[in-house]
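Residue numbers (UniProt numbering): 1 to 131.
Backbone N, C-alpha and C fix where the C-beta goes; we use that ideal spot for every residue, glycine too.
What follows is one structure encoded as structure tokens, with my remarks underneath.
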């Protein structure tokens with residue numbers, strides 16, 4: 001006696017693992033993301049190539065804000081992350097990614113900031129002694 005394991009009916013294989021309620025992007029959404037990404041690249045590039053603002057801190061703040069906005073644009077328009085993703089995995093992966101990026105940036109900035117004071121301190125002493 002043979003048993004059939006096909007319990008899906010006539011629409012078997014119609015979905016292939018894709019949910020119909022998730023937007024996988026249209027040409028318009030990809031173009032919107034692309035235009036926003038280009039704008040968010042051109043703004044800091046133009047500011048830095050133009051010599052920056054009078055305040056160095058303002059220049060850095062604008063570049064960092066444009067970078068953060070660009071990350072959001074990529075997540076929304078190209079990775080299709082939104083609040084309706086299932087089971088919170090999107091939020092969990094986003095939090096993990098943000099934590100890794102913050103650790104890498106903070107560590108890199110800490111190393112670069114302390115590079116002058118921690119690298120070859122004997123060189124500074126020798127230069128001060130010489131007439």
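- Under the Cβ criterion (8 Å, minimum of three pairs), the segment 31-41 counts as touching the segment 67-74.
- Residue 112 and residue 42 have their alpha carbons spaced roughly 26 Å apart.
- Here the alpha carbon of residue 46 sits roughly 15 Å from the alpha carbon of residue 65.
- Under the three-state reduction of DSSP output, residue 108 falls in the helix class.
- Cβ-Cβ distances below 8 Å link residue 63 to 44, 47 and 48 in the same chain, with the five nearest sequence neighbours on each side left out; the list follows chain order.
- Nearest C-alpha to residue 102 among 59, 68 and 27: 68.
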